[in-house]
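According to numbering that gives the first Met the number 0, the sequence shown is numbered sequentially starting from 0.
Glycine residues also receive a C-beta, built at the ideal position from the N, C-alpha and C atoms.
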Amino acid sequence: MQRAGRWIGDHLVMALGALVLVYMFIPIAVVMLMSFNDNSRSRNVYAFRDFTLANWADPCKPDGMCSAVLRSVEISLLATLVATILGTLASFALVRHRFAGRSVINSMIFLPMAAPEIVMGSSLLALFVSAGFGGRLGFWTILIAHVSFCLSFVVVTVKARLNGLDENLEQAAMDLYANEATTFWRVTFPLVFPGILAAALLSFSLSFDDFIITNLNAGQTVTFPMYVWGVSQRGVPMQVNVIGTVMFLLSMTLVLGNMLASRRRART
């Protein structure tokens with residue numbers, strides 16, 4: 000009886016996990032399906048009419064979409080780079096050092112994550128206007144805004160990795176006559192790198208996807224989420240689903256590649 004209960008418990012958890020995954024991937028499956036949809040004759044974007052490869056053959060057919068995508072990618076890459084570097088340095092400082100105000104800073108790190116986006120976006124807009132950038136909102140104000148909210152996610156992610164790091168490994172490297180620089184690059188950094196990579200991927204996704212904060216601080220600059228919101232007034236072109244599918248496949252490729260590389264390192 001106890002064995003049967005254990006079997007039911009194990010399989011029930013697995014079944015619930017599978018249902019959650021199916022629920023999460025249904026919208027993605029719809030986006031991928033609609034990328035092959037020839038729906039030019041209908042305003043109902045969810046009605047599948049005919050199968051076509053034309054959307055993939057010419058993803059830049061809607062005017063301005065590819066330029067908006069490239070602008071979003073550029074902003075996301077720069078925001079990810081800056082936020083990852085600053086957040087990683089801040090994480091090492093918060094975990095490895097003791098200083099006055101450390102607990103306060105740890106608490107304040109969560110504020111951008113907990114605050115509603117409309118509050119943070121309007122606050123940044125007020126900051127830019129008071130600083131004299133009200134008439135020059137655009138690429139750089141979007142970049143600063145994205146770095147500001149990505150920074151918290153990077154710090155939290157890298158801190159979690161650092162807190163789980165065994166410091167005895169670093170001490171063992173120094174016992175074997177490695178200096179601090181060698182210990183960091185040969186021991187600490189490879190162990191922390193999965194957390195840094197996860198933080199970078201999360202930052203890129205958040206930056207590329209953001210609409211509310213971007214819309215408040217964009218001026219005349221149009222990113223991909225803003226473009227989708229604008230064209231939705233007339234009917235979303237099917238090429239938008241192509242871009243969404245490509246971004247999803249790239250993300251999955253990076254995640255799976257990192258998992259395979261981690262397993263290979265673990266085996267060696």
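Exercise. Straight-line CA distance for residue 191 to residue 70?
Worked result: In the sequence shown, residue 191 corresponds to position 192, counting from 1. In the sequence shown, residue 70 corresponds to position 71, counting from 1. So the alpha carbons of these two residues sit roughly 30 Å apart.
Exercise. Who are the near neighbours of residue 241 in its chain, counting only those whose CB is closer than 8 Å to its CB and skipping five residues on each side?
Worked result: Position 242 of the sequence shown, counted from the start, is the residue given in the question as residue 241. Spatial neighbours of residue 241 in its own chain (CB-CB distance under 8 Å, excluding positions within 5 residues in sequence) are listed in chain order as 34, 54, 55, 58.
Exercise. From the DSSP output, which residues share a beta bridge with residue 49?
Worked result: Counted from its first residue, the sequence shown places residue 49 at position 50. 37.
Exercise. For residue 22, does the count of other Cβ atoms within 10 angstroms reach 16, so buried, or fall short, so exposed?
Worked result: Taking the first residue of the sequence shown as position 1, residue 22 is located at position 23. When all chains shown are included, residue 22 counts as exposed.
Exercise. Could you give the residue range of the alpha helix (DSSP H) that holds residue 174?
Worked result: To locate residue 174, count along the sequence shown from 1; it is residue 175. Unbroken alpha helix (DSSP H) run through residue 174: 166-174.
Exercise. How is residue 219 classed by DSSP in three states: helix, strand or coil?
Worked result: On the sequence shown, position 220 is the one that residue 219 refers to. DSSP places residue 219 in coil when its eight states are reduced to three.
For this session: Tell me whether residue 256 sits in a helix, a strand or coil according to DSSP, three-state version.
Result: As a working mapping, residue 256 is identified with position 257 in the sequence shown. In the three-state DSSP reduction, residue 256 falls in the helix class (H, G or I).
Exercise. Given residue 50, which residues of its chain have a CB within under 8 Å of its CB, disregarding the five upstream and five downstream residues?
Worked result: Within the sequence shown, residue 50 is the residue found at index 51, counting from 1. So the qualifying residues of the chain are 35, 36, 37.
For this session: Kindly indicate which three-state DSSP category residue 262 falls into: helix, strand or coil?
Result: Residue numbering aside, residue 262 sits at position 263 when the sequence shown is read from its first letter. If DSSP states are grouped into helix, strand and coil, residue 262 belongs with the helices.
Exercise. Using a C-beta cutoff of 9 Å, does residue 266 count as contacting chain C?
Worked result: Looking for chain C here will not work: only one protein chain is present.
Exercise. Could you give the C-beta distance for residue 79 and residue 149, rounded to a whole number, given that I count them as a contact under 8 Å?
Worked result: Position 80 of the sequence shown, counted from the first residue, corresponds to residue 79. Position 150 of the sequence shown, counted from the first residue, corresponds to residue 149. At roughly 7 Å, the Cβ-Cβ gap stays under 8 Å, so residue 79 and residue 149 are in contact.
Exercise. Looking at the unbroken alpha helix (DSSP H) that takes in residue 139, where does it start and where does it end?
Worked result: Mapped onto the sequence shown, residue 139 falls at position 140. In the DSSP annotation of this structure, the continuous segment of the alpha helix (DSSP H) that includes residue 139 starts and ends at 138-162.
For this session: Taking residue 59 as part of the alpha helix (DSSP H), name the residues at either end of that continuous run.
Result: For this step, residue 59 is matched to residue 60 along the sequence shown. In this chain, residue 59 is not harboured by any alpha helix (DSSP H), its DSSP state being neither H nor E.
Problem set entry | Option nearest residue 243 by Cα separation, candidates 110, 145, 32, 232 | As a first step, residue 243 is located in the sequence shown; it is residue number 244 there, counting from the start. Across the set 110, 145, 32, 232, the C-alpha of 32 shows the shortest separation from the C-alpha of residue 243.
Exercise. Is it true that the CB of residue 93 sits closer than 9 Å to the CB of residue 154?
Worked result: By one-based count along the sequence shown, residue 154 stands at place 155. By one-based count along the sequence shown, residue 93 stands at place 94. Result yes, Cβ atoms of residue 154 and residue 93 sit closer than 9 Å.
Exercise. So does the stretch 197-216 actually touch the stretch 110-128, counting three or more Cβ pairs closer than 8 Å?
Worked result: Yes: the two stretches touch, three or more of their Cβ pairs being nearer than 8 Å.
For this session: Determine contact between the stretch 123-143 and the stretch 171-179, defined as no fewer than three beta-carbon pairs at a distance below 8 Å.
Result: Remark: fewer than three beta-carbon pairs, one from each stretch, lie closer than 8 Å, so the stretch 123-143 and the stretch 171-179 are not flagged as touching.
Exercise. Out of curiosity, what's the CA-to-CA distance linking residue 250 and residue 261?
Worked result: To locate residue 250, count along the sequence shown from 1; it is residue 251. To locate residue 261, count along the sequence shown from 1; it is residue 262. So the alpha carbons of these two residues sit roughly 17 Å apart.
Exercise. When the distance is taken between beta carbons, is residue 27 closer than 9 Å to residue 247?
Worked result: Walking along the sequence shown from the start, residue 247 turns up at place 248. Walking along the sequence shown from the start, residue 27 turns up at place 28. Going by C-beta atoms, residue 247 is nearer than 9 Å to residue 27.
For this session: Within 10 angstroms of the Cβ of residue 229, are there 16 or more other Cβ atoms? Answer buried if so, exposed if not.
Result: Position 230 of the sequence shown holds residue 229. A residue is called buried once 16 or more other Cβ atoms fall within 10 Å of its Cβ, and residue 229, having fewer, is exposed.
Exercise. Can you tell me whether residue 99 is buried or exposed, with buried defined as 16 or more other CB within 10 angstroms of its CB?
Worked result: The sequence position of residue 99 within the sequence shown is 100, counting from 1. Classification of residue 99: exposed, given that the 10 Å Cβ count is below 16.
For this session: State the CB to CB distance for the pair residue 168 and residue 157, rounded to an integer number of angstroms; the pair is presumed to be in contact (CB under 8 Å).
Result: Translated into positions along the sequence shown, residue 168 becomes position 169. Translated into positions along the sequence shown, residue 157 becomes position 158. Between residue 168 and residue 157 the beta-carbon gap is near 17 Å, outside 8 Å, which marks them as no contact.
Problem set entry | Rounded C-alpha distance that separates residue 151 from residue 48 | As a first step, residue 151 must be located in the sequence shown, where it is residue number 152. As a first step, residue 48 must be located in the sequence shown, where it is residue number 49. In this structure, the alpha-carbon of residue 151 lies about 44 Å from that of residue 48.
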